[in-house]
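Take a look at the structure set out below.
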Amino acid sequence: MMKKKSISASKASLVLFLCQMISALDVPLDSKLLEELLQPPTITQQSPKDYIVDPRENIVIQCEAKGKPPPSFSWTRNGTHFDIDKDAQVTMKPNSGTLVINIMNGGKAEAYEGVYQCTARNERGAAISNNIVIRPSRSPLWTKEKLEPNHVREGDSLVLHCRPPVGLPPPIIFWMDNAFQRLPQSERVSQGLNGDLYFSNVQPEDTREDYICYARFNHTQTIQQKQPISVKVFSMDSLNDTIAANLSDTDIYGAKPVTERQPILLTPTGSTSTKVELRGNVLLLECIAAGLPTPVIRWIKEGGELPVNRTFFENFKKTLKIIDVSEADSGNYKCIARNMLGSVHHVISVTVKAAPYWITAPRNLVLSPGEDGTLICRANGNPKPNISWFANGVPIAIAPEDPSRKVDGDTIIFSHVQERSSAVYQCNASNEYGYLLANAFVNVLAEPPRVLTPANKLYQVIADSPALLDCAYFGSPKPEIEWFKGVKGSILRGNEYVFHDNGTLEIPVAQKDSTGTYTCVARNELGKVQNEVRLEVKDPTMIIKQPEYKVIQRYGQVSFECIIRHDSTLLPTVIWLKDNDELPDDERFLVGKDNLTIMNVTDKDDGTYTCIVNTTLDSVSASAVLTVVARPNPPFDLELTGQLERSVELSWIPGDENNSPIRNFVIEYEDGLHEPGVWHYQTEVPGTQTTVQLKLSPYVNYSFRVIAVNEIGRSQPSEPSEQYLTKSANPDENPSNVQGIGSEPDNLVITWESLKGFQSNGPGLQYKVSWRQKDVDDEWTSVIVANVSKYIVSGTPTFVPYEIKVQALNDLGYAPEPSEVIGHSGEDLPMVAPGNVQVHVINSTLAKVHWDPVPLKTVRGHLQGYKVYYWKVQSLSRRSRRHVEKKILTFRGNKTFGMLPGLEPYSSYKLNVRVVNGKGEGPASPDKVFKTPEGVPSSPSFLKITNPTLDSLTLEWGSPTHPNGVLTSYILKFQPINNTHELGPLVEIRIPANESSLILKNLNYSTRYKFYFNAQTSVGSGSQITEEAVTIMDEGKMAMASRQIDIATQGWFIGLMCAVALLILILLIVCFIRRNKGGKYPVKEKEDAHADPEIQPMKEDDGTFGEYSDAEDHKPLKKGSRTPSDRTVKKEDSDDSLVDYGEGVNGQFNEDGSFIGQYSGKKEKEPAEGNESSEAPSPVNAMNSFV
């Protein structure tokens, strides 16, 4: 046997074979191929085996078949040939075997009752249908009968019989009244499976005359009605009244009252019964019992369990229903009827038989000449069915012989078949409960190979996914398939390819280089054929920016991103889903190219949002959850329990937390007695707690409310709880913050914080105020005041200590004894001034003042400190007096000295000292006069340079704004600046203090100069002011300079200078390295020479600002000019330091030619003295000379 193959489905309009075939060949369902191949008949449609027809309508007996060539049809009736042509009422549909029997034009359905069988035949064989039994439906009328009324005693059982006429099929039974209303049913009254109406016990309300049984015949759509049945129920009371009217007193008690009875079974009768049911059907078992009270029915299976999922109880558990029964459901089923008086049971022995059913139905067989095959027909049933074979509708025993065929029970074996072996075989499996009939053909074909896949078919797949290239083929014998890549490619082999039996080539992991043309070749002994297909491998679609989990507050805006990357030849479509469904039809949802935006988010927007990207080849998706959070809903159902005098338990139910866990609950209370409408904080509890024990105060009418708090915020308050009024009691506490402070020298003002309303603990809140002088053997003085917060004691001594206490009381009594506090009566102004005031002048801007403390008794209050008043009387320099402005310094506590900073040098000051208490200041000490020494002056108020000529400049200046002493002179320093921003020799000139201008002569033409100008007192030099100016250029020199510039711009000159500079640089570096190995440099002296004359040292003395130091420390140039007047260089100055050059000039020219720059990194640093070019060489200066 050859391997079993899978069938690839395509557009077939016909189905050639059954779903599966055990054969050497699979015939693809290709419409063109099916039209060309010979095929035996196959029955495709037929009427049911048991066919009940409506006698009023035409009878249609279906028989449809297919085959190649198309089959012809014939019929048998009751086992003999049915000649259709001889019966004018019977016709056969064109190209079909379906019979139409015309009943509506005079025919009678009863005349065509019988067993019919259809045969479909062509040159390859004959297929037959099932035996179709035709029976017309019957709906007979009820027979006439006289129905007697039913007289029943209350509590007895009753059965109303229906006994419907026998119909085909059996009718559906139901009970109604004259108004066509269904009669109500219950555990007491119900309809049995046979249609009878059962009463477990009758009640007076069951009395009626219209119990009507109806039978509905569905085939004929008719309903038959039984005559109404009358039921009369007699109650025991009415029965006794009737008997009493006709019998003597001794006989009245013959009618017994309604008595309760234990159950008895109305159906089935007896203790046991049997039931046979067929496999696959529905098993219905019924038990209906009588009794009072109404019995309850229970079902069990002896020795087993009722099948799960297939067991149902109907008719108030009186009917046990098991669907799709099998042999395993055989056994004993017990129903138990029970009420309070006892029980009764019945056992039903169930046997499940089985009509034949398939284990292996025969399947169509397609073979090539010379091949082998088998047909297998296996069925089961109870009892076991008999298997019989037919060939083309004839029992195989009398069918024409075929040497290739051998029958072996339920199997036919074929060996070395030929085309003449083609036939249709029938297998019949039957037992006493039914039969099965199956057609299976053997079709022997000899066909050259055919490729059914369209030529040049294009396949497109995504990279790294499987590619399946079809090569649907057919041929007999079965062709062999080979695959090639490209026009001249070699045969494909190896683990990278999978070759399926149906011809398909699978590339498990297609890559970009898998793109190309593939050729499949099919060959057998009758020929060869080939076909080409094309494969394109595309880049996968990817979501490179997926939507992310979002938490958003209600009414906010949220956006999900979905950025994709895809193959340029594919057109993607993006779809957004919410909870795997379409987005709501809401304008708040805005779908953009790469995102989804939701405006004004609400709670219903909570969920999972999915971005799905589809192309014709692949689909990707990504999801993210949106959680909408909001403040929690308010708690509800507040309840007070366990009410005690000082406590109560409050419980509540939390509201919806709105996706943000509740952190805590805040409990507030309202005092409806003292502060109605005002809510106060009581306490708070964790969010997992919904009850709290609350401490209460007496005499408060409490209402509570609860507020839930989550991360978003606070909920609305809950509805208030019920009110709870606590009993009155003595105050628990006394007023707080008790103080005694006098407002006048002769009084004591006692103040306190009043108790709040709920702290009063009862009505009539008052305060007992007590006081006595401290350290004096006095009794307490007390007074009771109303609910106020202040009491004034008059006539007290000035500023004496008092012991004070304030006690609360109400109508029920006093609070606990209060604690005492110390207060003082009123203060008065101090009586005396500090004495022995001394001033020590530290420097020109700082002085220290001392005084003796005043006696504490004279302070007459709390000593707060001392105030020093000081003011400038006049400047000692020759300037007019300014407006006197007094300054005040306060020194806290009992301090007896202080520093006076910020004084002006060379000035006359006055000061006095006063003591301070809570009432105010005492008298001032006598004014003390002191003077500050001279200081260095401020910079000149201005410096102007005018009238530039070829060799002179005119300087004008203004005197310092703050001379800070007597000016002795002005110092002018200046030096030239060359084109490389180097500073030339520094020249210093001393100018008398009374001068305000100067003409500098003998200057170089067309030269920029920098000027440094400051004033001097006997103490030293003040801060300097700087300015720059340029002398006028000579015109003749300008022409020469122009020519020089022209030479300097020539290329040869620039190259020569660069070479010279490089050579000199190398020599200087070598020299510098050798000097650096052992040389010592007077760095400190060089740094001192560059010191900024504005920088003045400060000293610290007693935590105050220091005055300027002595005059030697303030000379502008510590060593004088660095270049002596004879322009010689001192030997000790020849050893230079890199510091001198590292802090050289960094400057530049503006567009107008003025010089801007900073020297040594500071704005107004002291200029370098002399031209540094005369000193020891350094690499930096050497380079600067060539710039």
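Going letter by letter, the sequence shown gives residues 147 to 1333 in this note's numbering. Cβ coordinates follow ideal geometry from the N, Cα and C atoms, glycine included.
| Asked | Found |
| --- | --- |
| Who are the near neighbours of Ser1023 in its chain, counting only those whose CB is closer than 7 Å to its CB and skipping five residues on each side? | Tyr1052, Pro1109, Gly1111, Val1112 |
| Just to confirm my understanding: we take Glu1102, look at its own chain, exclude 5 residues before and 5 after, and list those with CB closer than 6 Å. What are they? | Lys1090, Ser1143 |
| According to the neighbour-count rule (16 or more other Cβ atoms, all chains shown, within 10 Å of its Cβ), is Ser169 buried or exposed? | For Ser169, the predicted structure reports a pLDDT of 41, less than 50, and the residue's modelled location is therefore unreliable. A value from the coordinates is still provided. Result: buried. |
| Have a look at Lys696 and Pro778 and give me their C-alpha separation to the nearest angstrom. | 19 Å |
| Would DSSP call Phe904 helix, strand or coil? | helix |
| By DSSP, does Arg456 sit in helix, in strand, or in coil? | coil |
| Leaving out the 5 sequence neighbours to the left and right, which residues in its chain are closer than 7 Å to Asp356 when beta-carbon positions are compared? | Asp323, Asn324, Pro374 |
| Restricting to Cα atoms, I'd like to know which of Gly1039, Lys464, Ile1200, Ala474 is closest to Arg484. | Lys464 |
| Under a three-way DSSP split, which group does Asp732 fall into? | coil |
| What separation, rounded to the nearest whole angstrom, lies between the Cα atoms of Lys212 and Gln185? | 9 Å |
| Buried or exposed: which applies to Ser417, given that a residue is buried once 16 or more other Cβ atoms fall within 10 Å of its Cβ? | exposed |
| Taking only the alpha-carbon atoms, compute the straight-line gap between Leu1214 and Asn1125 and give it to the nearest angstrom. | 23 Å |
| Which residue from Asn810, Pro800, Asn427 puts its Cα closest to that of Ser138? | Because the chain is modelled from 147 through 1333, residue 138 falls outside the range shown and cannot be assessed. |
| Where does Thr1004 sit, in a helix, a strand or coil, going by DSSP? | helix |
| Beta-carbon within less than 7 Å of Lys739's beta-carbon, same chain only, minus the 5 sequence neighbours each way: which residues are those? | none |
| Is Val1216 helix, strand or coil when you go by DSSP? | helix |
| Determine the closest residue to Tyr664 out of Lys634, Gly673, Asp647, with distance taken between C-alpha atoms. | Lys634 |
| Could you check if Arg1038 is buried or exposed, using at least 16 other CB atoms within 10 Å of its CB as the buried criterion? | exposed |
| My guess is that Val498 and Val454 are in contact by the Cβ rule of under 8 Å, so how many angstroms apart are they, rounded? | Contact flag wrong, Cβ pair sits at about 18 Å. |
| Please return the same chain residues whose Cβ sits closer than 8 Å to the Cβ of Val1075, not counting the five positions on each side in sequence. | Val1019, Ser1054, Tyr1055, Lys1056 |
| State the start and end residues of the unbroken beta strand (DSSP E) segment that holds Gly621. | 619-622 |
| Using a Cβ-Cβ cut-off of 7 Å (strictly less than) and excluding sequence neighbours within five positions of Gln208, which residues of its own chain qualify? | Gln191, Gln192, Ser193, Thr244 |
| Look at the alpha carbon of Trp825 and the alpha carbon of Val759, and state the distance between them as a whole number of angstroms. | 57 Å |
| Since I believe Phe945 is in contact with Arg1006 (beta carbons under 8 Å), could you give me their beta-carbon distance rounded to a whole number of angstroms? | 5 Å |
| Kindly identify the DSSP beta-bridge partner or partners of Glu1174. | Lys1156 |
| Indicate the three-state DSSP secondary structure (helix, strand or coil) for Trp629 in the structure shown. | strand |
| Name the one or two DSSP bridge partners that Val236 has. | Ile247 |
| Of the residues Pro295, Gln349, Glu1067, which one's Cα is nearest the Cα of Ser376? | Pro295 |
| Taking C-alpha atoms, which residue in Leu314, Tyr755, Ala273, Cys433 lies nearest to Asn574? | Ala273 |
| Suppose the cutoff is 8 Å on Cβ atoms and the five residues either side in sequence are ignored; what does the same chain contact list for Leu287 look like? | Pro311, Gln370 |
| For Arg918, which residues of its own chain have a beta-carbon under 8 Å away from its beta-carbon, when the five flanking residues on both sides are left out? | Asp924, Glu925, Trp926, Thr927, Tyr948, Glu949 |
| My understanding is that Pro780 touches Ser861, with C-beta atoms under 8 Å, so please give their C-beta distance in whole angstroms. | 5 Å |
| Are the CB atoms of Ser797 and Thr837 nearer to each other than 8 Å? | yes |
| How about the stretch 264-284 and the stretch 580-591: do they share at least three Cβ pairs that are nearer than 8 Å? | yes |
| Which of the three DSSP states, helix, strand or coil, is assigned to Pro350? | helix |
| Between Gly662 and Leu681, which are expected to be in contact by the criterion C-beta below 8 Å, what is the C-beta distance as a whole number of angstroms? | 6 Å |
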